[in-house]
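Undergrad: The sequence shown runs contiguously to residue 1126 in the working numbering.
Using N, Cα and C, we set each Cβ at its ideal position, and we do this for glycine too.
On a predicted model such as this, the values are computed, not experimentally measured, just so you know.
Here it is, the structure, as structure tokens.
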Amino acid sequence: MYSVKEIFSTLQGEGAQAGRAAVFCRFAGCNLWSGREEDRSSAICQFCDTDFVGTDGIGGGKFASPEELAQ
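Here it is, written out as structure tokens:
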């Protein structure tokens, strides 16, 4: 099962591919921080500003297989 926060189309913003069309798939959860502010001071990653909690973003949800996710 794949938990996805959001899937969105945008332009690549950095690197050699900057300016090219891209599709980003942001998975839910993180192994370095719970996403709860009260846990931030004890997290391995204390600077993250990405909202990765839940599956409620655009195109987000639970996907049973890579094939389902790719559709």
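Check Glu1092 in the structure and name its three-state DSSP category.
TA: Sequence index remark: in the sequence shown, residue 1092 carries index 37 (1-based). Three-state result, Glu1092: helix.
Undergrad: Excluding five sequence neighbours on each side, which residues of the same chain lie with their C-beta closer than 8 Å to the C-beta of Thr1110?
TA: Start at 1 with the first residue of the sequence shown, and residue 1110 comes out as number 55. The residues are Ser1058, Val1059, Lys1060, Ala1083, Gly1116 and Lys1117.
Undergrad: Measure the alpha-carbon distance for Ala1077 versus Thr1065 and round it to whole angstroms.
TA: Translated into positions along the sequence shown, residue 1077 becomes position 22. Translated into positions along the sequence shown, residue 1065 becomes position 10. Their Cα atoms are separated by approximately 5 Å.
Undergrad: Tell me which residues share the same chain as Met1056 and place their Cβ nearer than 8 Å to its Cβ, disregarding the 5 neighbours each side in the sequence.
TA: Taking the first residue of the sequence shown as position 1, residue 1056 is located at position 1. Excluding positions up to five away in sequence, the list reads Lys1117, Phe1118 and Ala1119.
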